[in-house]
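Residue numbers (this note's numbering): 203 to 518.
A quick write-up on the structure given underneath.
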Ligand code: SF4
Ligand code: SF4
């Protein structure tokens, strides 16, 4: 799929539906389209979709889950996740680490989801995927459309409950997730729209991973490095970043957009910019000087070699 406004932002990439595209219904739906579907403990397939599935976690998912479990981001990541790459990009992320012979989500039991109120974004979208063509400028409803993912094992479509897509999404609480994930998903889609020939440097990948998965670490990066001397942030923002995880997460998206894609909106301290340029020039100058010295040494070596060869020829 393509669009003049840019690549599509398919929330469905948070699950592994791309591995089985035949389950994606070809009809484009709107918020007012009807949906006949219900999922409850009485369906014969209850929790089937919580097994053998790839659930990619957004930064907001991680923040909410580890808060619920009262764990540090680091401990949560180690215990419940494993590394992955995000939708055909070289951007590193995490997915749930499945357990047991049935490859179960770590939070599923026979009674259902044990973290239901804080379940990840991917679990809330299923079975309604969303594609968003918006990449910049004003947002509009016309940028979005929805589609159904109808997998054979999912019996929810045989239930009688009728909704509109809008009602279903409200019921699943996806709006706040959409808002919180928006800028992060946009980073992923922006990266995807660039050719993979221009790979992200290792340092950029590390920064993206750290900021997207471990807010504790990102906070330490801000407060325990020269960050606050490099960027000009007002005192109120600095205080919020110190205590407010949501604010820190949204700020991390802004920072990533600026460092990965040169997006504006994060003013740098001009003195620091000058210092950096000076250091770069100095480094460049030193490199050039080194190259020149190496070139001179090579030339001298060649000349000495040539002289030796000529002398050897004369003697013979
Ligand atoms: S988090 Fe809950 S809803 Fe999502 S896959 Fe795990 S058990 Fe299922
Ligand atoms: S497979 Fe469908 S109906 Fe069954 S538990 Fe999952 S979402 Fe509900």
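Here a beta-carbon is modelled for each residue, glycine too, at the ideal position from N, C-alpha and C.
Taking 8 angstroms as the cut-off, the beta carbon of residue 253 is found closer than this to the beta carbon of residue 305.
A distance criterion of 7 angstroms places the beta-carbon of residue 367 beyond contact range of ligand 1, judged by its closest non-hydrogen atom.
The stretch 237-254 and the stretch 418-427 do not touch, with fewer than three beta-carbon pairs separated by less than 8 angstroms.
Considered as a whole, the stretch 348-390 harbours 364-366 as its complete beta strand (DSSP E) runs of no fewer than 3 residues, in chain order.
Using a 10 angstroms sphere on the CB of residue 261, the tally of other CB atoms reaches 16 or more, which defines it as buried. C-alpha of residue 394 to C-alpha of residue 480: approximately 34 angstroms in a straight line. Less than 8 angstroms divides the Cβ of residue 450 from the Cβ of residue 420. In terms of Cβ geometry, residue 225 and residue 351 form a close pair [threshold 8 angstroms].
Classified as buried, residue 322 has 16 or more neighbouring CB atoms from the shown chains inside 10 Å of its CB.
Residue 318 has its CB nearer than 7 angstroms to a heavy atom of ligand 1.
For residue 354, the CB stays at least 7 angstroms from every heavy atom of ligand 2. By the neighbour-count criterion, in which 16 or more other beta carbons inside 10 Å mark a residue as buried, residue 290 falls on the exposed side. The DSSP-derived three-state label of residue 315 is strand. For the pair residue 348 and residue 330, the CB atoms are nearer than the 8 angstroms cut-off. Secondary structure within the stretch 224-298: the alpha helix (DSSP H) runs of 4 or more consecutive residues, fully enclosed, are 261-270 and 275-282 (chain order). Residue 432 and residue 443 have their alpha carbons spaced roughly 16 angstroms apart.
Less than 8 angstroms separates the beta-carbon of residue 298 from that of residue 257. DSSP places residue 457 within a helical segment (H, G or I) once states are collapsed to three. Assigned with DSSP and collapsed to three states, residue 346 falls in strand.
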